[in-house]
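Peer 1: Quick one: the structure is below, questions incoming.
2 protein chains.
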Amino acid sequence: MDDCIFCKIIQGKIPSNIVYRDDEIVAFRDINPQTPTHLLIVPVKHITSLVDLTFKDAALMGNMITVANKLAKDEGIAESGYRLVINCGKQGGQLVAHLHMHVMGGRQLSGQLG
Amino acid sequence: MDDCIFCKIIQGKIPSNIVYRDDEIVAFRDINPQTPTHLLIVPVKHITSLVDLTFKDAALMGNMITVANKLAKDEGIAESGYRLVINCGKQGGQLVAHLHMHVMGGRQLSGQLG
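Here the protein sequences come in this chain order: X and U. According to our numbering, the first sequence is numbered sequentially starting from 8. According to our numbering, the second sequence is numbered sequentially starting from 8.
This is how it looks when you write it as structure tokens:
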């Protein structure tokens, strides 16, 4: 997707602070962090949003959560606690049209989830 | 887990509004909904939290997201938008010690994720 900012980050065309990369998943720091640790985990292939997932993508989503857990440990928030969030569509608050999972922690998070 | 409220819901020992069930996943309505649609998706087997997942659980987590997408369609929020949240540990805001995924929608959600 030529006009997708996350595809450009994945391809190295836009600078970013990448913390993890494998063949199907890339993770980088959110440029406007809401919490001391605020990472975004994205699939390398352009999937616009959750509703565009097919049954075949279940393994990919499971792997994204596995990577999130690894990164939580790397960031030192695995024991203190963290939150995974995927926003989908307008009312879900999705701001970039490339599926992404937020990994947030480093302070007490609100019980209000949206 | 004898003292786990979600295990009791899964086993039918506590009444709840169950909207989905298969061999490995159960979904029911949150008893204190924050949004017009607020579902909880849980694994049937007792997993305390995200940090307790093993590599073997990746498929289960992928299936939970697949079920979340199906339920979003059933609830009529797939197109308007929705949010998936998994809280882990104290600072993550996890209130019940049985891994669960929130599915939230039905109104505009806040951009503040915690």
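We put the beta carbon where it would ideally sit given N, CA and C, even for glycine.
What do you get for Asn1(U), buried or exposed, if any count of 16 or more other CB atoms within 10 angstroms of its CB means buried?
Peer 2: Residue 1(U) is absent from the structure shown; chain U starts at 8 and stops at 121.
Peer 1: Once you ignore the five residues that flank Val58(X) on each side, which residues in its own chain have a CB closer than 8 angstroms to its CB?
Peer 2: Taken in chain order, the residues that qualify are Cys95, Gly96.
Peer 1: The alpha helix (DSSP H) with Cys14(X) in it runs from where to where?
Peer 2: Unbroken alpha helix (DSSP H) run through Cys14(X): 12 to 17.
Peer 1: Please state whether the Cβ-Cβ distance between Gly99(U) and Tyr89(X) is less than 8 angstroms.
Peer 2: Against a cut-off of 8 angstroms, the Cβ pair of Tyr89(X) and Gly99(U) comes out as a contact.
Peer 1: By the 9 angstroms beta-carbon criterion, what residues does the stretch 106 to 120 of chain X contribute toward chain U?
Peer 2: Residues passing the 9 angstroms Cβ filter: Met108, His109, Met111, Gly112, Gly113, Arg114, Gln115, Leu116, Ser117, Gly118, Gln119, Leu120.
Peer 1: Considering only C-alpha positions, which residue in the set Phe62(U), Met111(U), Asp9(U), Leu120(U) is nearest to Leu47(U)?
Peer 2: Nearest option by C-alpha distance: Met111(U).
Peer 1: Helix, strand or coil, according to DSSP, for Leu106(X) in the structure here?
Peer 2: Coil at Leu106(X), not helix or strand.
Peer 1: Under 8 angstroms, Cβ to Cβ, is there at least one residue of chain U near Lys97(X)?
Peer 2: Cβ-Cβ to chain U under 8 angstroms: yes for Lys97(X).
Peer 1: Interface residues of chain X around Val33(U) at Cβ under 8 angstroms?
Peer 2: Those do not exist, as Val33(U) stays about 18 angstroms from chain X at its closest Cβ, beyond 8 angstroms.
Peer 1: Counting only C-beta atoms, is Asn39(X) closer than 8 angstroms to chain U at any point?
Peer 2: By this cut-off, Asn39(X) is not an interface position.
Peer 1: Name the chain U residues whose beta carbon is nearer than 8 angstroms to that of Glu82(X)?
Peer 2: Those do not exist, as Glu82(X) stays about 12 angstroms from chain U at its closest Cβ, beyond 8 angstroms.
Peer 1: Confirm, please, whether the CB-CB distance from Ile32(X) to Val74(X) is below 8 angstroms.
Peer 2: Yes, Cβ-Cβ distance for Val74(X) and Ile32(X) is below 8 angstroms.
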